[in-house]
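2 protein chains.
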Amino acid sequence: MASSLLSRQLVLSLQQNLRLTAPGCRYVSKAAAKTQMEFEYDGPSMKTEVPGPRSKELTKQLGEMQNVGAINFFCNYEESRGNYLVDVDGNRMLDVYTQISSIPIGYNHPSLIKVMSNPNNMSAFVNRPALGIMPPENFPEKLAESLLSVAPSGMSRVQTMACGSCSNENAYKAMFIWYRNKERGHNIPSDEDMSSCMINQSPGCPDLSILSFMGGFHGRTMGCLATTHSKAIHKLDVPSFDWPIAPFPKLKYPLEEFKRENAQEEARCLEEVEDLIVQWRQKGRPVAGIVIEPIQAEGGDNHATPDFFKKLRNIARKHGSAFHVDEVQTGGGATGKFWAHEHWGMDDPADIVSFSKKMLTGGFYHKDELQADKAYRIFNTWMGDPSKNLFLAEVLNVIRRENLLEEVTRSGKTLLQGLYQLQDQYPNLLSSARGQGTFCAIDIRDDATRNSIILKARDKGVLLGGCGDRSIRFRPALVFKEYHVHMFLNVFSDVLAEHN
Amino acid sequence: MASSLLSRQLVLSLQQNLRLTAPGCRYVSKAAAKTQMEFEYDGPSMKTEVPGPRSKELTKQLGEMQNVGAINFFCNYEESRGNYLVDVDGNRMLDVYTQISSIPIGYNHPSLIKVMSNPNNMSAFVNRPALGIMPPENFPEKLAESLLSVAPSGMSRVQTMACGSCSNENAYKAMFIWYRNKERGHNIPSDEDMSSCMINQSPGCPDLSILSFMGGFHGRTMGCLATTHSKAIHKLDVPSFDWPIAPFPKLKYPLEEFKRENAQEEARCLEEVEDLIVQWRQKGRPVAGIVIEPIQAEGGDNHATPDFFKKLRNIARKHGSAFHVDEVQTGGGATGKFWAHEHWGMDDPADIVSFSKKMLTGGFYHKDELQADKAYRIFNTWMGDPSKNLFLAEVLNVIRRENLLEEVTRSGKTLLQGLYQLQDQYPNLLSSARGQGTFCAIDIRDDATRNSIILKARDKGVLLGGCGDRSIRFRPALVFKEYHVHMFLNVFSDVLAEHN
Numbered sequence: 336m337a338s339s340l341l342s343r344q345l346v347l348s349l350q351q352n353l354r355l356t357a358p359g360c361r362y363v364s365k366a367a368a369k370t371q372m373e374f375e376y377d378g379p380s381m382k383t384e385v386p387g388p389r390s391k392e393l394t395k396q397l398g399e400m401q402n403v404g405a406i407n408f409f410c411n412y413e414e415s416r417g418n419y420l421v422d423v424d425g426n427r428m429l430d431v432y433t434q435i436s437s438i439p440i441g442y443n444h445p446s447l448i449k450v451m452s453n454p455n456n457m458s459a460f461v462n463r464p465a466l467g468i469m470p471p472e473n474f475p476e477k478l479a480e481s482l483l484s485v486a487p488s489g490m491s492r493v494q495t496m497a498c499g500s501c502s503n504e505n506a507y508k509a510m511f512i513w514y515r516n517k518e519r520g521h522n523i524p525s526d527e528d529m530s531s532c533m534i535n536q537s538p539g540c541p542d543l544s545i546l547s548f549m550g551g552f553h554g555r556t557m558g559c560l561a562t563t564h565s566k567a568i569h570k571l572d573v574p575s576f577d578w579p580i581a582p583f584p585k586l587k588y589p590l591e592e593f594k595r596e597n598a599q600e601e602a603r604c605l606e607e608v609e610d611l612i613v614q615w616r617q618k619g620r621p622v623a624g625i626v627i628e629p630i631q632a633e634g635g636d637n638h639a640t641p642d643f644f645k646k647l648r649n650i651a652r653k654h655g656s657a658f659h660v661d662e663v664q665t666g667g668g669a670t671g672k673f674w675a676h677e678h679w680g681m682d683d684p685a686d687i688v689s690f691s692k693k694m695l696t697g698g699f700y701h702k703d704e705l706q707a708d709k710a711y712r713i714f715n716t717w718m719g720d721p722s723k724n725l726f727l728a729e730v731l732n733v734i735r736r737e738n739l740l741e742e743v744t745r746s747g748k749t750l751l752q753g754l755y756q757l758q759d760q761y762p763n764l765l766s767s768a769r770g771q772g773t774f775c776a777i778d779i780r781d782d783a784t785r786n787s788i789i790l791k792a793r794d795k796g797v798l799l800g801g802c803g804d805r806s807i808r809f810r811p812a813l814v815f816k817e818y819h820v821h822m823f824l825n826v827f828s829d830v831l832a833e834h835n
Numbered sequence: 336m337a338s339s340l341l342s343r344q345l346v347l348s349l350q351q352n353l354r355l356t357a358p359g360c361r362y363v364s365k366a367a368a369k370t371q372m373e374f375e376y377d378g379p380s381m382k383t384e385v386p387g388p389r390s391k392e393l394t395k396q397l398g399e400m401q402n403v404g405a406i407n408f409f410c411n412y413e414e415s416r417g418n419y420l421v422d423v424d425g426n427r428m429l430d431v432y433t434q435i436s437s438i439p440i441g442y443n444h445p446s447l448i449k450v451m452s453n454p455n456n457m458s459a460f461v462n463r464p465a466l467g468i469m470p471p472e473n474f475p476e477k478l479a480e481s482l483l484s485v486a487p488s489g490m491s492r493v494q495t496m497a498c499g500s501c502s503n504e505n506a507y508k509a510m511f512i513w514y515r516n517k518e519r520g521h522n523i524p525s526d527e528d529m530s531s532c533m534i535n536q537s538p539g540c541p542d543l544s545i546l547s548f549m550g551g552f553h554g555r556t557m558g559c560l561a562t563t564h565s566k567a568i569h570k571l572d573v574p575s576f577d578w579p580i581a582p583f584p585k586l587k588y589p590l591e592e593f594k595r596e597n598a599q600e601e602a603r604c605l606e607e608v609e610d611l612i613v614q615w616r617q618k619g620r621p622v623a624g625i626v627i628e629p630i631q632a633e634g635g636d637n638h639a640t641p642d643f644f645k646k647l648r649n650i651a652r653k654h655g656s657a658f659h660v661d662e663v664q665t666g667g668g669a670t671g672k673f674w675a676h677e678h679w680g681m682d683d684p685a686d687i688v689s690f691s692k693k694m695l696t697g698g699f700y701h702k703d704e705l706q707a708d709k710a711y712r713i714f715n716t717w718m719g720d721p722s723k724n725l726f727l728a729e730v731l732n733v734i735r736r737e738n739l740l741e742e743v744t745r746s747g748k749t750l751l752q753g754l755y756q757l758q759d760q761y762p763n764l765l766s767s768a769r770g771q772g773t774f775c776a777i778d779i780r781d782d783a784t785r786n787s788i789i790l791k792a793r794d795k796g797v798l799l800g801g802c803g804d805r806s807i808r809f810r811p812a813l814v815f816k817e818y819h820v821h822m823f824l825n826v827f828s829d830v831l832a833e834h835n
């Protein structure tokens, strides 16, 4: 079934696309990996403007049912393949945004199709369990094969959740529980704790806080949102907590050319972190945990150095706060390491690491001592979805089998080199090219130009996404090879020429 | 593939189970529906104590990876079928709890297996989209077929989400946004709104509140948790909001026998609601919305009358608060109507109705005016999962085709009659039998006896769940027929005799 679908797509692809070659040859790659070419298209192919007439019609239909203000276009996921997203008007685009960074190994990867068509897996899809009370027989094995096989250093425990926000919410709860038990010196709540918590009052619902960073994004449920500070539209009109917010370093790129200034900027921010921890302790809202992204993504792809993170982790330790690294967007291989925090080179990088997106399931790893002391404290009906673990186990197999982290490192270097070149070529238009692996970004002159570039690139068959005030973030799948980079750079270069 | 799996299971079932007949014959049903018998087992079958040795071994394994304090046992979902959950030790139990009320039409329903094996559906499982920006082509059609085909009265708009907590969190956000725009008289935030919200301060993050009820359960993320008041263990050590909490009526059952006292109790609670709304307005935290379950589930299956809900809805209207009915546990048919609030007989029952569990996807319906005025205000990466909509559409087909709401009403009557009889028989043990459809409950003398009854029933092949301090809640799937009720009552009766 699966293979016939793919064969049909392959034939269609060959019939329709043999005429395509990459436009120009400035960046044409010599070696297109054979294995990949077998299951994906060989280039973009545009039939209409985007959104095309069919997308517009469907947007109108959906507009009768929900807010469609954010809809870009409608997709034909059946026909999408590898790095190429096909829309409902038959436009085929090289996808450098991948559903907000959440498609790990491209569309319709044959290995994932196989997972679907294996009858042994069927019941995992059809019978979603209440995982916390009645898990399926293969759950420990699948956890070991999938999530625990890539556990961050120092962590052997993991809790799955349905999405990124739930993951962070529950990670925060784990930190609060841990902190309060530490304050108590034992884990037996007082009668006052038990009665006051039922009416939302302290000491049962204590005045604790999570320290976050300006520009950070950690999700949109109310606990997460109190630590999200990337765009006003996310937060406006929603009640929040009085929690400390530290400045995130505003560094100059390339980092290695501005070492001294950047180190000063990082020192300033770290000092502010310590001041805030002391201030909030004094005002009776101690900092139970610090949450940070290894690269602020939604907030504008803001980087900091390993030295910054090492010192921050030490500050957390010194003040008795848990250290939570949010890898929802950075995790899963796009930086060239499986977890972005591995670039810091630490044995004990964090107390909690949360994930979602490319991991296909949400959840968080934690050190032993961060495990809630009693059942039903970190709990909900579904606690994730075991069918996602099946896919994740296979994604990890593919990553290993195809050496995708090495590929990402290689493609990422080529991508960043290309961005540097373009930045030299268009100094009034581009600045601050930066990245790790293919997790790259570049700043555009202003917001309007950025948005125009994204739309023009889309019309030429390349899908990009923005972040921050005026950045473009590159978020290809892990199967984005050097020849895809060249294809992208060709189109991007054409679009930039139009905006110079 | 699907049918061969089922045939194999059927053969196994017939071979292994023909020897089984229901113990005793006090409640033996005359007519076992033929269609159902074809795909499910004909009774429980116990091989070991529960948890058995294999479950214990797996619990130990999983204990190396996460907290297993809530694990009951491990399941063999492949072999589970219809109303019967099979565990890894080969025990087959009549499931009257269904994964905390989240399995709508039983295990491995042939219609759901068909959805899985339809190649047209494959890409929905393999390619999870960012629904808010790039939905699949069939998304409007599937929404219309599934969620909108059962939209509550007065609502034609729906937003999907990944789970129950996310659904309520976003429903609260929608109410806050609506309320602030109403306060403003327009939807243009001030510069102060925009800047203050970035640092969690009012007026951008306003001091608004949601009024909830003591005993209510609305989820465990931090916004939801501020409205959850069923058990201390859910809330302990997690910071919360100072929001008003009203008493939920403590009624006497059967409701029709205590009309006058119950009406007085409801009037007392409604008065308190109005007082709280005024108090919280005065203290500068106006009530933007009221959230309530049609039957408080986790909190102990506490009912209120249609008159109470009508008056509460009017109070919300009078004070300009949105009215949010949380049908996460009550929705999806178990009360004999698709939504429990339909029992109130109102044309305009609510401004928002949230759902999850039996609906397989989370989300919320809302009236037009509760739609956020701008894109990206109610948003996240996944915003649900279209593969769940495929299953839901098929579940709704089965409900219609097999007249399951009528079946639930019929089974529910038999169940409640049986509970009344047992309550008469064991007045020192049982009290307050109550329910709508099969969404029934009964109170047990005390917590310890309740827990003992649940465990004893499980050893005899019937899975039950508790709620509140000392209640047992019955949460069978919608395919729980009268003969299943009789089978359950036989076992329950035996267990009660041991506890008298």
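Chains as they are written, first to last, in my numbering: chain A, 336 to 835; chain B, 336 to 835. Idealized CB from N, CA, C, for every residue including glycine. None of the values given here were measured: they were computed from a predicted structure.
Local Cβ density within 10 Å of A:V820, reported as buried at 16 or more and exposed below that: buried
Cutoff 7 Å; reference B:F720; Cβ partners in own chain excluding five residues on either side: Checking the sequence, you will find Asp at residue 720 of chain B rather than Phe. Correct list, in chain order: R463, A497, T696.
B:I580 Cβ short of 8 Å to the ligand ATP heavy atom set: The model on display carries no ligand, and the ligand ATP is accordingly not part of it.
Length-filtered (4 minimum) alpha helix (DSSP H) runs lying within the stretch 501-569 of chain A: 526-533, 557-560
Beta-carbon gap between A:I627 and A:S502 smaller than 9 Å: no
Helix, strand or coil at A:M822 according to DSSP, with G and I counted as helix: helix
Where B:H564 meets chain A, residues with beta-carbon distance less than 7 Å: M533
A:L429 and A:F809 closer than 9 Å at C-beta: no
With 16 other Cβ atoms within 10 Å as the buried cut-off, status of B:L466: buried
Cross-chain neighbours of A:D528 in chain B, by beta carbon under 7 Å: L571
Cut-off 6 Å between Cβ atoms - residues of its own chain near A:H654, not counting five sequence neighbours on either side: I612
Continuous beta strand (DSSP E) assignments of at least 3 residues falling wholly in the stretch 589-634 of chain B: 622-627
Cutoff 9 Å: B:V622 Cβ touching any chain A Cβ: no
Contacts around A:H638, its chain only, beta-carbon distance under 7 Å, and the 5 residues preceding and following it disregarded: L586, L590, I630, R769
B:H701 - containing alpha helix (DSSP H), residue span: Counting along the chain, B:H701 falls outside any alpha helix (DSSP H), though it belongs to the beta strand (DSSP E) covering 697-701.
The stretch 799-807 of chain A in contact with the stretch 659-670 of chain A per 3-pair CB rule at 8 Å: no
Given B:D422 as reference, the closest of B:K508, B:P579, B:N402, B:V385 once Cα atoms are compared: B:V385
Bounding residues of the beta strand (DSSP E) (the contiguous stretch that carries A:G493): Going by the sequence as given, residue 493 of chain A is Val instead of Gly. Its beta strand (DSSP E) spans residues 492-496.
Residues that B:Y419 bridges to, as DSSP identifies them: B:R416, B:L429
Closer than 9 Å to chain A by CB, B:V826: no
Contact with chain B by A:S364, beta-carbon distance below 9 Å: Since pLDDT at A:S364 reaches only 41, below the 50 mark, its modelled position is unreliable, and the value read off the structure follows with that caveat. With 9 Å as the cut-off, A:S364 does not count as an interface residue toward chain B.
C-beta atoms of A:T665 and A:E601 nearer than 9 Å: no
Test: B:F815 CB closer than 9 Å to a CB of chain A: no
Within 8 Å of chain A by C-beta, residues of the stretch 570-589 of chain B in sequence order: K570, L571, D572, V573, P574, S575, F576, D577, W578, I580
Limits of the unbroken alpha helix (DSSP H) element including A:H654: 641-654
contact_flag[the stretch 443-458 of chain A, the stretch 709-717 of chain A] where n(CB pairs < 8 Å) is 3 or more: no
Residue from A:E504, A:S380, A:M451 with nearest C-alpha to A:S415: A:S380
Per-residue burial, B:S525 [other beta carbons within 10 Å of its own, 16 or more giving buried]: exposed
Contacts around B:C360, its chain only, beta-carbon distance under 7 Å, and the 5 residues preceding and following it disregarded: For B:C360, the predicted structure reports a pLDDT of 35, less than 50, and the residue's modelled location is therefore unreliable. A value from the coordinates is still provided. Closer than 7 Å at the Cβ level, and outside the excluded window around B:C360, lies no residue.
For B:H659: DSSP bridge partner residues: B:V626, B:I687
Option in B:G772, B:K816, B:Y514, B:N724 with minimal Cα separation from A:D572: B:Y514
Limits of the unbroken alpha helix (DSSP H) element including A:F774: Element bounds for A:F774: not the alpha helix (DSSP H) but the beta strand (DSSP E), 774-779.
Nearest neighbour of A:I468, chosen from B:T394, B:P470, B:Y419, B:A479 [CA to CA]: B:T394
DSSP-derived helix/strand/coil call for B:G680: coil
DSSP-derived helix/strand/coil call for A:R810: coil
Those residues which DSSP pairs with A:I580 across a bridge: A:S547
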